[in-house]
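Student:
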Amino acid sequence: MKRLKLSILGIRGVVGEALTPELVVTFAQAFGTYVEGGPIFVSRDTRPSGEMIRSGVIAGLLATGYEVIDLGVCPTPAMELAVKRHGGAGGIAITAGHNPSDWNALKFINGDGRVLSAYQGEELLDVVHQGEFTRAAWDGLKPLRRESYAVPEYVSALVELLDVDAIRKRRFKVAVDVCNGACTTSTMLFLHALGCEAVSINDEPGRPFPHDPEPNPDNMSQLRAMVRASGADVGFALDAEGSRLGIVTEMGDALSEEYTLCIAADIVLGGGCGCVVTNVCTTSSVEDIARRHGARVERAKVGEPHIVEAMLFNDACLGGEGSGGVVLPRLNHTFDSTATMGGILAHMARTGRPISALAAAVPRHSMVKERIPCPPERAPAVMARVREMVEEQPEAGRVDLTDGIRQDRGEAWVHVRPSMTEPTLRVIAEAPTTAEARALADETSSQVRRFLV
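Numbering (the numbering used here), first residue to last: 687 to 1139.
Encoded structure:
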């Protein structure tokens, strides 16, 4: 299977197999042709392919006549804030986020410091397909600038939003696994600024990822051991770019990635927030928490662009997904693991409640997630077959076609959709018990696999 994903999110694939230097340069030229205004910022995570991809991105951008500011290894939220504060036309983050180390990607940022909207992403793809790019003459090329201000400015901006005195009084011990990723420096600066004792693992950006950077319980065994051994108050796992956050309690329990948004929702909605936005396959616990606080939930398509668009439309004060990505818009509309970490620590300091108590307050539903390998070019036909199957079932219940196909069956539901970041179909089922969720996921996965034969 040729592992390449082309979507409104940009381009993502396995380096040396599908993600080639030619494609990188093409997309960079297209972005330089598409945007208007000031300089274009470039950042990357710590993948081995980062330098190679960076060279192609910078070459493509410089060829369009833009001034390019290279921030080097830098969390994506820090680069997005730099674009917003320094009058950038946009930015390109070279990162595959939660994907394994053989993957890389280009993530495109607009002049507002946010990931391109769905409409903007489609426009950029149109420029790519047309293949007519702006080309500067030899005397119109601008020199490359290298800057290091993004991380310090980002950390300072986050700290200014928090009750630092309250956090410092608690003297939290915080265990963090930054997966040798782009957040190594920023996370340590942030925790030290908050007066926390930071106990870090996998904090050598020049070394390979010690595990897949997706912050879910399967990848948090080292962090669990560190929390127990150090007596930390909480453990946090970050992905390679700083967008997703996983949590380990002071008891050493690794929480499902669904808990990150739920805990954030309980905190933010408790402060009087009226609306939270999430996608169609995030846990129903979000609705339970919203009802508790008299708030409402708006469901959108999967993916950061759709979450952010829906937040702006609904004037929401919180958004996110069950992947561990949370948007706290006081600083910027972006998935931001460090901002989420700060919000949780501030709440723990203010209330005196441990992270285990915050987790225990989340209403329980059982969820099962499956990935079914599927070439991207076959996904539309398979999804059409799934829809036909669902429409022929009298017991299908309410069917939601917002993104893929979701069936609500009483207190349970199951959702099937093509992944935006991997050549897979995702099957997610939720029910009151694990046995019911497993049975629903297995039944649906078996039906989907038959359409792939």
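Think of the CB as a built atom: it goes at the ideal place given N, C-alpha and C, for glycine as much as any other residue.
Everything numeric in this text was worked out from a predicted model, so none of it was measured.
Beta-carbon within less than 6 Å of Y752's beta-carbon, same chain only, minus the 5 sequence neighbours each way: which residues are those?
Tutor: Answer for Y752: G718 and I726, listed in chain order.
Student: Can you give me the C-alpha to C-alpha distance between D1089 and K691, rounded to a whole angstrom?
Tutor: Whole-angstrom Cα-Cα distance: 17 Å.
Student: Within 10 Å of its beta-carbon, does S842 have 16 or more other beta-carbons around it, so buried, or fewer, so exposed?
Tutor: Burial call: exposed.
Student: Could you check the C-alpha separation between E1129 and A986 for me, to the nearest Å?
Tutor: If you take the alpha carbons of E1129 and A986, they lie about 26 Å apart.
Student: Whole beta strand (DSSP E) runs in the segment 904 to 929 with 3 or more residues, listed along the chain?
Tutor: List check, beta strand (DSSP E) in window: 920 to 924.
Student: Per DSSP, H1101 forms a beta bridge with which residues?
Tutor: Answer by DSSP bridge pairing, in chain order: R1092 and I1114.
Student: Nearest to V862 by CA position, among E839, R1039, L877 and G696, is which residue?
Tutor: Cα-wise, what sits closest to V862 is L877.
Student: Out of curiosity, what's the CA-to-CA distance linking R982 and V954?
Tutor: Using only the alpha carbons, I get a separation of about 13 Å.
Student: If you drop the 5 nearest sequence neighbours on each side, which residues of the same chain put their C-beta closer than 6 Å to that of Y720?
Tutor: The answer, listed in chain order, is L810 and V813.
Student: Do you know how far the Cα of G932 is from the Cα of I697?
Tutor: I697 and G932: Cα-Cα distance of roughly 25 Å.
Student: What is the rounded straight-line gap between the Cα of E943 and the Cα of G702?
Tutor: Each residue's alpha carbon lies about 31 Å from the other.
Student: What is the C-beta distance between A1045 and I949, in whole angstroms, given that I count them as a contact (C-beta under 8 Å)?
Tutor: About 7 Å; that satisfies the 8 Å criterion.
Student: Under DSSP, the alpha helix (DSSP H) around C1003 begins and ends at which residues?
Tutor: Here C1003 belongs to no alpha helix (DSSP H), and DSSP marks it neither H nor E.
Student: What did DSSP end up calling M687 once you bin it into helix, strand or coil?
Tutor: Its pLDDT being 45, under 50, M687 is placed unreliably by the model, and nothing is read from it.
Student: If the criterion is Cβ atoms closer than 8 Å, does the pair T935 and S1052 meet it?
Tutor: Contact flag unset, no.
Student: Do A745 and F819 count as a contact pair if the criterion is CB distance below 8 Å?
Tutor: Their beta carbons are not under 8 Å apart, which means F819 does not touch A745 by this criterion.
Student: Rounded to whole angstroms, what's the CA-CA distance from M1027 to A779? Just pull it up for me.
Tutor: Approximately 22 Å between the Cα atoms of the pair.
Student: Is the separation between the beta-carbon of P991 and that of S803 shorter than 8 Å?
Tutor: Closer than 8 Å, so yes.
Student: Count the other CB atoms, across all protein chains shown, that sit within 10 Å of the CB of H815; report buried if there are 16 or more and exposed otherwise.
Tutor: Exposed, because fewer than 16 other Cβ atoms sit within 10 Å of the Cβ of H815.
Student: Which residues in the same chain have their Cβ closer than 8 Å to the Cβ of M906, if we skip the five residues on either side of it in sequence?
Tutor: These residues qualify, in order along the chain: D863, G921, A923, G932, V934 and A940.
Student: With a threshold of 16 other CB atoms inside 10 Å of the CB of M937, please say whether the residue is buried or exposed.
Tutor: M937 comes out exposed.
Student: Can you tell me the Cα-Cα spacing of V1134 and D974, whole angstroms?
Tutor: C-alpha separation (whole angstroms): 30 Å.
Student: Report yes or no: do three or more beta-carbon pairs, one from the segment 1059 to 1077 and one from the segment 872 to 886, lie closer than 8 Å?
Tutor: The segment 1059 to 1077 vs the segment 872 to 886: no contact.
Student: So what does A940 bridge to, in DSSP terms?
Tutor: According to DSSP, A940 bridges with V934.
Student: Applying the 10 Å Cβ sphere with the 16-neighbour rule, what's the burial state of F858?
Tutor: Buried: at least 16 other Cβ atoms inside 10 Å.
Student: So which of Y805, D788 and R771 has the shortest CA-CA distance to S693?
Tutor: For S693, the nearest C-alpha among the options comes from Y805.
Student: Assuming the contact rule is C-beta atoms closer than 8 Å, H784 and R930 should be a hit. Round their C-beta distance to whole Å, please.
Tutor: With a Cβ gap of about 6 Å, H784 and R930 count as contacting.
Student: How big is the Cα-Cα spacing for M1075 and M912?
Tutor: Between M1075 and M912, the C-alpha separation is close to 47 Å.
Student: With respect to the alpha helix (DSSP H) encompassing A804, which residues constitute its N-terminal and C-terminal limits?
Tutor: A804 to Q816 is the extent of the alpha helix (DSSP H) around A804.
Student: Among the candidates T750, A749, V769 and Q1093, whose CA atom is the shortest distance from the CA of L757?
Tutor: For L757, the nearest C-alpha among the options comes from V769.
Student: Specify the secondary structure class of Q1133 as computed by DSSP and reduced to three states.
Tutor: Three-state DSSP puts Q1133 in a helix.
Student: Going by Cα to Cα distance, which pick from D904, R1092 and F794 is closest to L1126?
Tutor: Selected option, being the one with the closest Cα: R1092.
Student: Closest to C760 by CA distance: which of E984, G1006 and T1024 is it?
Tutor: When only C-alpha atoms are compared, the closest one is T1024.
Student: Taking its Cβ as the centre, do 16 or more other Cβ atoms sit within 10 Å of T870, making it buried, or is it exposed?
Tutor: Result: buried.
Student: Can you name, in chain order, every residue of its own chain whose Cβ lies under 8 Å from the Cβ of E995, other than the five neighbours on each side?
Tutor: These residues qualify, in order along the chain: S803, A804 and A986.
Student: Taking the straight line between their C-alpha atoms, what separation do you get for Y945 and E900?
Tutor: Each residue's alpha carbon lies about 14 Å from the other.
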